[in-house]
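**Q** Handing you this structure, nothing more for now.
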Amino acid sequence: MDLLLQLLATGLVVGSIYALCAVGWGLIYGTTLHFHVAHGAVFSLAAYYAWAGQQLLGLPLIVAVVLAILAAALSGLLIDLLLYQQLERRGAIRTTVFISSLGLLIVVENVLAMVFTPDPLRMDIGVLHDAVQLGPVFLTWLHVVAVALAVAGYLALMAFLKRSRAGQAIRAVSSSPEMARTVGIDLGRVHLLTYALGSAIAAPAGIIVAMDVGAEPYRGTTFVLLASVGVIMGGIGSIPGAMVGGVFLGLLENLGVWQIPSEWQSAISFGVFLVFIVVRPRGFFGRRIQSAEI
Amino acid sequence: MPSASGPIITVQGVSKAFGGIQAVDDCTFDVAPRLITGLIGPNGAGKTTIFNLITGFLRPDRGSVRFKGEELVGLPPHEVERRGVARTFQHLRLWNKMTVLDNVLLGCQSPVGENALTLFLRPAAVRAQEARDRARALEVLEFFGLRHQAHELAEDLAYPEQKLLSMARIFATDAEVLLLDEPTSGFDADSLRRVIPIVRRLVEHGKTVLLIEHNMELISQLSDEVVFLHQGHVLARGAPATITRDPALTEIYFGI
Amino acid sequence: MTAYLAHYLVMVGIYSVLALSLNLLVGYVGIFSLAHAAIYGVGAYASALVALHLGLGFWGGLVVAAVAGACAAALVAIPSLRVAGDYYIVASFGLQVVLLTVFMNWTDVTNGHAGLPGIPRPRVLGWVVDTPFEYVALALALAALTYAICHRLTHSAFGRVLQAIRDDEIAAAAMGKNVVLNKIVIATISSALGALAGSLYAHYITYINPSSFALHESIFIMSLVILGGSDRLAGPIVGAFILLAVPEALKFLAIPDTVAAPMRQVLYGALLIIFMFVRPEGILGRARPKALEPPPVTSHAIG
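Going down the list, the sequences are from chains A, B and C. The numbering used here numbers the first residue of the first sequence as 41 and each following residue consecutively. The numbering used here numbers the first residue of the second sequence as 550 and each following residue consecutively. The numbering used here numbers the first residue of the third sequence as 14 and each following residue consecutively.
Written out as structure tokens, the structure reads:
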């Protein structure tokens with residue numbers, strides 16, 4: 041029983057990380073319909089920004105983290121501004137944007153590997169490494185921070201989307217770009233904001249993982265895959281869905297370990313994903329999928 | 550004059566809502582076989598939506614659509630077409646980078662040539678089928694007056710000819726019921742004169758035609774029956790003369 | 014020097030098969046797969062295993078490889094293509110990860126990281142292929158066969174349907190074409206062919222291990238298709254000729270191995286981006302690439 045609770049707890053922690061990633065990716069995908077695999081690059085970059093802030097610039101941890109999140113938000117925004125929007129201006133279609141995104145992901149991750157080597161770069165996180173005991177469950181403070189950040193980030197994002205003008209503009213665009221355009225919303229600006237927000241909310245995920253096990257150049261690829269799986273399982277267009285999808289994936293991976301060797305974790309998640317899209321392609325909270333409007 | 554053998558398509562109590570909008574509201578009407586039925590109504594009345602609902606591109610929230618007694622609701626679009634109900638699109642959706650001939654050839658069901666297995670295992674049958682399909686496609690093009698443009702790209706045709714091509718395509722499918730979505734919009738007088746006898750000849754070939762049309766003149770000339778749709782609901786049906794001269798309907802139609 | 018050239022030509026042959034088969038999916042139908050390297054691996058492992066444990070000959074190995082590749086693809090294609098192209102990207106991404114996990118961890122069968130050595134040379138029609146020249150002939154023959162198969166597929170009524178699906182799948186459905194089934198069929202054929210390349214690879218290098226079949230390999234094969242041109246049949250072959258020369262060029266610049274590998278990847282990634290700006294249809298391509306289908310949800314305001 042204790043083991044089960046422990047696995048549940050770690051599952052929630054891992055799930056929180058996936059959730060942050062998924063919410064960010066889902067926000068971008070739902071609003072722009074870009075299959076933004078370069079989200080993985082932003083994830084990786086955030087980790088390196090934080091590491092560089094602390095280890096190269098000597099900044100205190102919290103400052104390094106905040107700056108890293110801002111830098112990641114800017115990075116995501118620049119990807120849209122300098123790459124996707126430029127392509128679209130030249131008449132690019134979604135496939136073209138996707139290929140460029142894939143190319144960028146590869147370039148960024150491999151440049152990071154060339155500059156910093158593929159070995160993990162560790163950060164000093166001091167007291168966050170200390171264990172904390174909640175009943176029979178052992179976690180580190182870092183793990184607790186991860187869950188807290190996920191909850192806080194989600195609530196903040198939802199509030200922003202519901203209450204602020206900019207948030208409503210994002211929702212209008214994700215609902216119908218044509219309608220949004222006719223009421224005078226600047227799609228380009230909304231996209232940039234979406235990228236900044238989506239990247240900002242995913243950045244903590246990359247940073248926390250780096251704080252835990254070190255920054256690595258290729259991790260982003262795995263995480264963006266899992267983010268997209270989480271979004272699909274949660275239902276495209278639903279932020280709560282992305283949150284649930286991410287947490288679900290984390291729980292699945294960790295509870296799976298209970299019975300199945302850990303190397304097979306990804307196989308399990310993927311298998312569940314396949315079953316999911318057969319049984320309920322729209323995911324937990326997605327709208328019913330039907331043929332495209334003609 | 551409705552034929553004695555009963556309607557070929559029955560739309561019964563069909564409803565469809567999008568977001569908060571009721572696009573189609575308890576819509577009920579019949580389509581008689583081997584006649585031309587016109588579907589008219591003001592903009593936004595739900596006419597194209599009805600086409601989508603009949604052909605399986607959308608699923609109704611409620612109601613049923615029957616073709617010769619068989620339920621169509623729930624079938625995917627390609628199955629609906631295979632049963633014998635084909636439709637054109639308001640925005641054409643031609644395969645622009647393909648030739649006129651290829652566009653029509655795609656209408657021919659080529660069970661041997663379109664199957665990856667038989668493609669390799671029965672080359673002779675595939676060749677024979679292709680030859681037959683080509684001949685047939687050329688005949689269809691002849692029927693629509695497009696034979697001489699068979700090898701041009703679809704995108705290079707003039708607009709009225711593109712519309713004719715979209716009709717030719719579905720005619721080649723041998724479907725019994727042809728749903729034409731605004732087949733003459735954007736036509737000048739000349740093109741109209743060209744297309745009217747073609748549509749009539751479709752019926753002579755045993756087809757049933759349901760067409761969405763805005764041109765009242767055309768409706769009066771072409772249709773044997775008219776169904777008037779407003780806000781997703783059938784308001785009236787009957788002979789063209791009766792419907793088009795009804796002042797109440799005219800008011801609704803022109804929004805006066 | 015001739016041995017070197019022979020090796021280059023064999024690899025061009027193998028990668029031509031990979032790129033031609035991926036192009037069926039990406040170029041002709043417009044479906045993105047990130048799993049082609051894993052399929053390549055399935056073919057290699059399947060063929061190697063039946064040769065090592067069952068003593069099955071070359072032809073048997075080819076058949077087993079093709080069937081294995083087809084099944085792996087179908088497993089993913091059937092559920093995801095029913096929904097939308099974007100689902101297939103994710104599913105293929107996942108398939109790539111899972112298959113690699115299987116290669117690395119099902120040690121009883123695949124021997125994990127250590128790989129499978131001692132794969133026998135192919136016996137074709139009686140004689141054993143083991144000189145470089147003979148391998149070149151075999152590789153080019155396989156490439157030619159793949160080209161012929163792709164040609165037959167694309168220049169036929171079936172090819173017409175594929176092109177119709179690529180250019181407007183809604184119109185295709187309205188004309189009675191079973192879009193999903195056709196996509197599944199082509200995904201299966203594409204993978205069967207890709208797996209054949211794996212079989213040849215296994216019998217050529219006579220040793221395989223999981224690292225040859227990872228995601229970066231899928232990206233590389235994708236680059237071949239993109240670079241060469243997805244709209245023309247010969248495009249991927251041209252891509253293979255060009256991109257396979259790159260590692261050799263890099264070797265001339267005496268770059269250390271640890272840096273060379275990521276540097277190659279940076280080059281491929283950069284090529285992808287540059288080509289999207291300059292020439293999205295590739296070196297030989299003609300038409301504009303087909304649009305990815307987003308999942309057809311009618312409206313979905315975020316929230």
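Just so it is clear, CB atoms sit at the ideal spot from N, CA and C, and this is done for glycine as well.
1. When we look at the beta-carbon of residue 675(B) and count the other beta-carbons within 10 Å, is it buried (16 or more) or exposed?
2. Would you list the residues sitting across from residue 726(B) in a DSSP beta bridge?
3. Taking the C-alpha atoms as reference points, what is the distance between residue 589(B) and residue 598(B)?
4. Would DSSP call residue 736(B) helix, strand or coil?
5. Taking residue 84(C) as part of the alpha helix (DSSP H), name the residues at either end of that continuous run.
6. Using three-state DSSP, classify residue 311(C) as helix, strand or coil.
7. Under the rule that 16 or more other beta-carbon atoms within 10 Å means buried, what is residue 582(B), buried or exposed?
8. Does any CB atom of chain C fall closer than 7 Å to the CB of residue 75(A)?
9. Please state whether DSSP places residue 292(C) in a helix, a strand or coil.
10. What residue range does the beta strand (DSSP E) around residue 782(B) cover?
11. To be precise: take each residue of the stretch 140-173 of chain A, compare its Cβ to all Cβ atoms of chain C, and keep it if any distance is under 7 Å. Which residues remain?
12. On the criterion of 16 or more Cβ atoms from any shown chain inside 10 Å, does residue 195(A) qualify as buried, or is it exposed?
13. Looking at the secondary structure, which residues open and close the beta strand (DSSP E) in which residue 136(A) lies?
14. Take every Cβ of the stretch 44-57 of chain C, pair it with every Cβ of the stretch 277-291 of chain C, and state whether three or more of those distances are shorter than 8 Å.
15. Give the interface partners of residue 188(C) over in chain A, defined as CB-CB distance under 7 Å, in chain order.
16. Please name the residue in 654(B), 767(B) and 568(B) whose C-alpha comes closest to that of residue 719(B).
17. Got a sec: is the Cβ-Cβ distance from residue 217(A) to anything in chain C below 7 Å?
18. Do residue 726(B) and residue 807(B) count as a contact pair if the criterion is CB distance below 7 Å?
19. So, is residue 661(B) buried or exposed, given that buried needs 16 or more other C-beta atoms within 10 angstroms?
20. Might you give, ordered along the chain, the residues of its own chain that have their beta carbon closer than 8 Å to the beta carbon of residue 152(A), omitting 5 neighbours on each side?
21. Is residue 119(C) helix, strand or coil by DSSP?
22. Taking the beta carbon of residue 188(C) as the centre, do at least 16 other beta carbons fall within 10 Å, making it buried, or is it exposed?
23. Can you name, in chain order, every residue of its own chain whose Cβ lies under 6 Å from the Cβ of residue 189(A), other than the five neighbours on each side?
24. Please go through the same chain and pick out, in chain order, the residues whose beta-carbon is closer than 6 Å to the beta-carbon of residue 228(C), but skip the five residues on each side of it.
25. Taking only beta-carbon atoms, is residue 282(C) less than 7 Å away from chain A?
26. If I measure Cβ to Cβ from residue 254(A) and keep anything under 7 Å in the same chain, skipping five residues before and after, which residues do I get?
27. Going along chain B, which residues have a C-beta under 8 Å from residue 165(C)?
28. For residue 310(C), which residues of its own chain have a beta-carbon under 8 Å away from its beta-carbon, when the five flanking residues on both sides are left out?
29. Alpha carbon to alpha carbon, what distance is there between residue 124(A) and residue 154(A)?
30. Looking at the structure shown, is residue 279(C) part of a helix, part of a strand, or coil, going by DSSP?
31. Got a sec, what are the start and stop residues for the beta strand (DSSP E) residue 572(B) sits in?
32. Within 10 angstroms of the Cβ of residue 65(A), are there 16 or more other Cβ atoms? Answer buried if so, exposed if not.
33. Less than 7 Å between CB atoms is the rule here; does residue 191(C) satisfy it with respect to chain B?
34. From residue 602(B) to residue 220(C), what distance separates their C-alpha atoms?
35. For a test of the three-state rule: what should DSSP assign to residue 134(C), helix, strand or coil?
36. For residue 731(B), does the count of other Cβ atoms within 10 angstroms reach 16, so buried, or fall short, so exposed?
**A** Reading it off the structure:
1. One-based indexing of the second sequence puts residue 675(B) at position 126. Per the 10 Å Cβ criterion, buried.
2. Translated into positions along the second sequence, residue 726(B) becomes position 177. Bridge partners of residue 726(B): 634(B) and 757(B).
3. Here residue 589(B) refers to the residue found at position 40 of the second sequence. Here residue 598(B) refers to the residue found at position 49 of the second sequence. Taking the straight line from one Cα to the other gives about 13 Å.
4. Stepping through the second sequence from its first residue, residue 736(B) is reached at position 187. Coil, per DSSP.
5. For the purposes of this step, residue 84(C) is taken as residue 71 along the third sequence, with counting starting at 1. Start and end: 71-94.
6. As a working mapping, residue 311(C) is identified with position 298 in the third sequence. Any reading at residue 311(C) needs caution, since the residue's pLDDT is 40, under 50, leaving its predicted position unreliable; the model's value is listed next. The answer is coil: DSSP assigns residue 311(C) none of H, G, I, E or B.
7. Taking the first residue of the second sequence as 1, we reach residue 582(B) at position 33. So residue 582(B) counts as buried.
8. Position 35 of the first sequence holds residue 75(A). Yes, its Cβ sits closer than 7 Å to a Cβ of chain C.
9. Locating residue 292(C) in the third sequence gives position 279, where the first residue counts as 1. Here residue 292(C) sits in coil by DSSP.
10. Taking the first residue of the second sequence as position 1, residue 782(B) is located at position 233. Here the beta strand (DSSP E) through residue 782(B) covers 782-787.
11. 140, 142, 143, 144, 146, 147, 150, 151, 153 and 154
12. By one-based count along the first sequence, residue 195(A) stands at place 155. Residue 195(A) is exposed by the Cβ-count criterion.
13. Numbered from 1 along the first sequence, position 96 holds the residue referred to as residue 136(A). Premise fails: residue 136(A) lies in the alpha helix (DSSP H), 134-156, not in any beta strand (DSSP E).
14. no
15. Within the third sequence, numbered from 1, the residue matching residue 188(C) stands at position 175. Per Cβ cutoff of 7 Å: no residues; residue 188(C) is ~14 Å from chain A at best.
16. For the purposes of this step, residue 719(B) is identified with residue 170 of the second sequence, where counting begins at 1. Of 654(B), 767(B) and 568(B), the residue nearest in Cα terms is 654(B).
17. As a first step, residue 217(A) is located in the first sequence; it is residue number 177 there, counting from the start. Chain C contact via Cβ: absent.
18. In the structure as shown, chain B begins at 550 and stops at 805. Residue 807(B) is therefore absent and cannot be evaluated.
19. Within the second sequence, the letter at position 112 stands for residue 661(B). So residue 661(B) ends up on the buried side.
20. Here residue 152(A) refers to the residue found at position 112 when the first sequence is read from its first residue. Answer for residue 152(A): 84, 85, 88 and 257, listed in chain order.
21. Here the question's residue 119(C) lines up with position 106 in the third sequence. It is coil, neither helix nor strand.
22. Counted from its first residue, the third sequence places residue 188(C) at position 175. Label assigned to residue 188(C): buried.
23. As a first step, residue 189(A) must be located in the first sequence, where it is residue number 149. Around residue 189(A): 244.
24. Along the third sequence, read from residue 1 onward, the residue named residue 228(C) stands at position 215. Excluding positions up to five away in sequence, the list reads 109.
25. Within the third sequence, the letter at position 269 stands for residue 282(C). Chain A contact via Cβ: present.
26. In the first sequence, the residue the question calls residue 254(A) occupies position 214. The answer, listed in chain order, is 160, 161 and 162.
27. Position 152 of the third sequence, counting from 1, holds the residue named residue 165(C). Correct list: 668 and 669.
28. Numbered from its first residue, the third sequence carries residue 310(C) at position 297. Because residue 310(C) sits at a pLDDT of 47, beneath the cut-off of 50, its placement in the model cannot be relied upon, and the following sentence gives the value as read from the coordinates. Cβ neighbours of residue 310(C) beyond the five flanking positions: none.
29. The sequence position of residue 154(A) within the first sequence is 114, counting from 1. The sequence position of residue 124(A) within the first sequence is 84, counting from 1. One C-alpha to the other measures close to 25 Å.
30. Sequence index remark: in the third sequence, residue 279(C) carries index 266 (1-based). Here residue 279(C) sits in helix by DSSP.
31. Reading the second sequence from its first residue, position 23 is the one you call residue 572(B). Note, residue 572(B): beta strand (DSSP E), 570-580.
32. Along the first sequence, one-based indexing puts residue 65(A) at 25. Buried.
33. In the third sequence, counting from the first residue as 1, residue 191(C) sits at position 178. Chain B contact via Cβ: present.
34. For this step, residue 602(B) is matched to residue 53 along the second sequence. For this step, residue 220(C) is matched to residue 207 along the third sequence. Taking the straight line from one Cα to the other gives about 57 Å.
35. The residue given as residue 134(C) occupies position 121 in the third sequence. It is coil, neither helix nor strand.
36. Reading the second sequence from its first residue, position 182 is the one you call residue 731(B). By the neighbour-count rule (16 or more Cβ atoms within 10 Å), residue 731(B) is buried.
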